[in-house]
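Peer 1: First the structure, which I've put down as structure tokens, then a few questions once you've had a look.
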Amino acid sequence: MLPLPSEQRWQCPAPVQINPELQATGLCDPLLAVLQRRGYSDSAAIEALLNPAPAPDPRRHFPDLGKAVQRLRQACKQGERLAICGDYDADGMTSTALLVGVLRHLGAQPQAEIPSRLDDGYGLNSGMVERLAADGIRLLVTVDNGVAAREALLRAQQLEMDVVVTDHHTLPEELPPLLALLHPACTPEHSPYRGLAGVGLAYVLAMALARNCRSEQGLAMARDLFCIGTIADMAPLQGVNRRWLIDGLPALKRSGLAGLQALQQVAGLDDAPVDAGAVGFQIAPRINAVGRLGDPQLVVDLLTTADEDEALELARQCEQLNRQRRDLCDAIEAEARALVEADGDQRSPFLLLAQSHWHQGVIGIVAARLVEAFGLPVALLASEGDGRLRASVRAPRGFAVDAALQACSDLLERHGGHPAAGGFTVRAEQITALHERLNARADTWLKQQGGLRVVEPEALVQLHELTPQFWQQLQRLEPFGSGHPAPLFWSSRCRISQQRLLRGGHLQLTLRQGDASMRAIAWRWGSEENLPAEVDVAFQLRLNRWNGTEQLQLEIAALRASSGNGLMLERCNRQYWVSRDGDALVIRNAAGEELRGQPDRAGGCRVSSDHPSGSHPYVQALLQDAAMAMGLAA
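When we follow the working numbering, the leftmost residue of the sequence shown carries the number 1060, and every step to the right adds one.
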């Protein structure tokens, strides 16, 4: 749901003067402005983004890689049974499938062991270790978990089991006993391996083992799973993540994995390319749905089978669980919205909502939707039994979830997370005190925000510039994701020539600007507020495929009324009348003194006359605010 114009504040990006040498990259000015604002200030930096360096030898970056490979090679030579202990999210399931597939190909007998989200909780536990040891297993490999499983690893040591841990979660102060550890934090400080998710570490281990065994056959399919898990886990798209995705994504369409082909079929991707967006919005949710509602072994079987008929049947089961997940999310969201709206103007700054019957597997998804709808931090709680509730927390940018939970740690039984998301377990009798403390923290944050959601477009573009050539240049910046999001553009003074509310609460618009016309979509609009005839739009550019046709469209992130021919601007308790004279900007103060500015395409605005104070920082900031408000600069 988009923020209403009354709920938002558009924040001007810092002006940039485009470096002339960057023109050699072949990118247009708006894209160069985006990159410069993100810190890519020279052609070498942009070239490294567009064409990252090959991955260096991982043996020089992971101190324990040699020990891990040696033990696994022994298992492959002897046909040894071993357990791959994963996690129930997409990263953990794809990591597990990747190592099961490669180790099976190299002669070992791996079996997947993934705990149940509802019955076992996260990660390796002592019960799993004891059961596996009793079954004759003497080698465990953890993927996407393990560093926090101290009790389980101590038990494995007592039972004389070898354990290789591959994990990317926060390292404890004291490591548990293990044979070898592959962790990004163990690499050199500026290593390109620092951003790997669990599936990336599994891929590093698989590659090193296959090369040691002089058999790289099957690694192409391992790379396919690396792509799926990395995007699904929202790992930062930098370093080797970016290099391997650029190499691997184009091959996903023709993947040799029967399971991935079947997932593409049930997701309706037959005629569409499988890019980062398709993975993130079409394939990954169908995998994640299994971990949330079903048995993760289903995904491992799907991604390791060579039987096309079996793969299609398993993919259909994933699809059924995904539909169930959508229905559950819609039902919980409707109930949660009703609880929030029942509070009216007394709405809490931190939305903490609890219902015993809510499903723990999907409350995180719903919490994210509520953040989008209300612009506030949200915690949804479901019953864990025995007087405890388990929560998923999501928050807007700027509100640090991990810091907030740490500040409440004395009230919580368990907690964890990062700035944007987290989770905790709390006893029912502590909820009131917890909510009061979180409300106080959120109230302080909201006051700092001015009570408004901030919209931060990165570059100004005109609708007539959004051509197939512009789209091709934008594609050169792919893949987009964590650490490198799709650019947020904006365009001013767009007339709404048509609007239609679609099923599902989505709003479809036709926008005109001069002779140019573009279709735009606002997902989950959910507002009855009347739109002005002329608007400024903040958007991401998408390629819409429908019935065999392709059309560029704007995916709207925010709307506001255009300023028209003039507006009143207040700055430092002074009022200024701002108007346009063609492309020029005219600013008058209360005394009738006039300042003229000329916006440039780099996002800045320079004084267009010999004004005595033209270089003063206050005047420069005033020009930039006025140009932004009038839609003349980014």
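In this text, a Cβ means the ideal position worked out from N, Cα and C, and glycines have one as well.
Only counting the same chain, and skipping five residues up and downstream in sequence, which positions put a Cβ closer than 8 Å to that of Cys-1377?
Peer 2: Counting only Cβ-Cβ distances below 8 Å, and skipping sequence neighbours, we find Leu-1322, Val-1325, Arg-1345, Ile-1346, Ala-1348, Val-1349, Leu-1357, Val-1358, Leu-1361.
Peer 1: Taking the C-alpha atoms as reference points, what is the distance between Pro-1122 and Pro-1455?
Peer 2: About 38 Å.
Peer 1: Okay, do the stretch 1254–1267 and the stretch 1279–1298 touch, 3+ Cβ pairs below 8 Å being the bar?
Peer 2: Touching, per the Cβ criterion.
Peer 1: Helix, strand or coil for Tyr-1677 per DSSP?
Peer 2: Tyr-1677 falls in the helix class under three-state DSSP.
Peer 1: Take the Cβ of Glu-1139 as the centre, count every other Cβ of all protein chains shown within 10 Å, and call the residue buried at 16 or more, exposed below.
Peer 2: Buried: at least 16 other Cβ atoms inside 10 Å.
Peer 1: Considering only C-alpha positions, which residue in the set Thr-1201, Gln-1137, Phe-1529 is nearest to Gly-1166?
Peer 2: With distances taken between Cα atoms, Gly-1166 lies closest to Gln-1137.
Peer 1: Looking at C-beta atoms only, is the number of pairs between the stretch 1450–1470 and the stretch 1429–1442 that lie closer than 8 Å three or more?
Peer 2: Yes: at least three Cβ pairs fall under 8 Å.
Peer 1: For Arg-1559, verify whether its CB is less than 7 Å away from any heavy atom of the ligand HEM.
Peer 2: Within the structure as shown, the ligand HEM is missing, as the structure has no ligands at all.
Peer 1: With burial defined as no fewer than 16 other Cβ atoms inside 10 Å of the residue's Cβ, what is the status of Gly-1125: buried or exposed?
Peer 2: It is exposed - the Cβ of Gly-1125 has fewer than 16 other Cβ atoms within 10 Å.
Peer 1: Buried or exposed for Arg-1214, please, with buried defined as at least 16 other CB atoms from any protein chain shown within 10 angstroms of its CB.
Peer 2: It counts as buried.
Peer 1: So Leu-1296 packs on Gly-1540, CB below 8 Å; how close in whole Å?
Peer 2: That pair is a contact at about 4 Å.
Peer 1: Looking only at its chain, what residues have a beta carbon closer than 6 Å to the beta carbon of Asn-1589, apart from the 5 residues adjacent to it on each side?
Peer 2: Cβ neighbours of Asn-1589 beyond the five flanking positions: none.
Peer 1: Taking the beta strand (DSSP E) that Asn-1271 belongs to, which residues open and close that run?
Peer 2: Not the beta strand (DSSP E): Asn-1271 falls in the alpha helix (DSSP H), residues 1257–1271.
Peer 1: Measuring CA to CA, which of His-1675, Tyr-1677, Arg-1639 is closest to Ala-1686?
Peer 2: Considering only alpha carbons, the answer is Arg-1639.
Peer 1: Taking the continuous alpha helix (DSSP H) assigned at Glu-1369, which residues delimit it?
Peer 2: Start and end: 1367–1401.
Peer 1: On the CB-based measure, 16 or more other CB atoms within 10 Å of its CB, does Tyr-1099 come out buried or exposed?
Peer 2: Under this definition Tyr-1099 is a buried residue.
Peer 1: Going along the chain, which unbroken runs of the beta strand (DSSP E) with 3 or more residues stay wholly within the stretch 1138–1166?
Peer 2: 1140–1144, all fully within the stretch 1138–1166.
Peer 1: Among the residues of its own chain, which have a CB less than 6 Å from the CB of Asp-1148, if the five just before and after it don't count?
Peer 2: Here the set comprises Gly-1350.
Peer 1: How big is the Cα-Cα spacing for Glu-1189 and Asp-1146?
Peer 2: Near 18 Å, if we compare the C-alpha coordinates of Asp-1146 and Glu-1189.
Peer 1: DSSP state of Ile-1580, grouped into three classes?
Peer 2: If DSSP states are grouped into helix, strand and coil, Ile-1580 belongs with the strands.
Peer 1: Would you mind giving the Cβ-Cβ distance between Ala-1207 and Val-1223, rounded to the nearest angstrom? I have them listed as a contact below 8 Å.
Peer 2: 16 Å between Cβ atoms; not a contact.
Peer 1: Helix, strand or coil: how does DSSP classify Ala-1207 here?
Peer 2: It is coil, neither helix nor strand.
Peer 1: State the Cα-Cα distance for the pair Leu-1428 and Gly-1446, rounded to the nearest angstrom.
Peer 2: In the sequence under discussion, the amino acid at residue 1428 is Arg, which differs from the Leu named in the question. About 27 Å.
Peer 1: Give me the residue from Ala-1466, Ile-1424, Thr-1608 with the minimum Cα distance to Arg-1496.
Peer 2: Considering only alpha carbons, the answer is Ala-1466.
Peer 1: Take the Cβ of Glu-1275 as the centre, count every other Cβ of all protein chains shown within 10 Å, and call the residue buried at 16 or more, exposed below.
Peer 2: So Glu-1275 counts as exposed.
Peer 1: Determine which residues share a DSSP beta bridge with Ala-1643 and list them.
Peer 2: In DSSP, Ala-1643 forms a bridge with Asp-1640.
Peer 1: I'd like to know whether the C-beta atoms of His-1474 and Phe-1409 end up nearer to each other than 8 Å.
Peer 2: No, they are not a contact pair.
Peer 1: Tell me whether Gln-1320 sits in a helix, a strand or coil according to DSSP, three-state version.
Peer 2: Three-state DSSP puts Gln-1320 in a helix.
Peer 1: Flag this pair as yes or no: are the beta carbons of Leu-1237 and Val-1200 separated by less than 8 Å?
Peer 2: Their beta carbons are not under 8 Å apart, which means Leu-1237 does not touch Val-1200 by this criterion.
Peer 1: Find the nearest neighbour of Asn-1204 within the set His-1249, Leu-1191, Pro-1247, Thr-1155, judged by alpha-carbon distance.
Peer 2: Selected option, being the one with the closest Cα: Thr-1155.
Peer 1: Can you list, in chain order, the stretches of the beta strand (DSSP E) that have 3 or more residues and sit fully within the stretch 1475–1531?
Peer 2: As far as the stretch 1475–1531 is concerned, its whole beta strand (DSSP E) runs of at least 3 residues are 1480–1486, 1512–1514.
Peer 1: When DSSP labels each residue in this structure, what does Pro-1113 get in the three-state scheme?
Peer 2: Coil, per DSSP.
Peer 1: Within this structure, are the beta carbons of Phe-1598 and Phe-1529 separated by less than 8 Å?
Peer 2: Contact flag unset, no.
Peer 1: List in chain order: all unbroken alpha helix (DSSP H) runs of 4+ residues lying wholly within the stretch 1190–1248.
Peer 2: Runs found: 1209–1217.
Peer 1: What is the rounded straight-line gap between the Cα of Tyr-1252 and the Cα of Thr-1246?
Peer 2: Spanning the two alpha carbons is a distance of roughly 7 Å.
Peer 1: Using beta-carbon positions only, say whether Gln-1558 and Leu-1566 come within less than 8 Å of one another.
Peer 2: It is a contact, given that the beta carbons lie within the stated cut-off.
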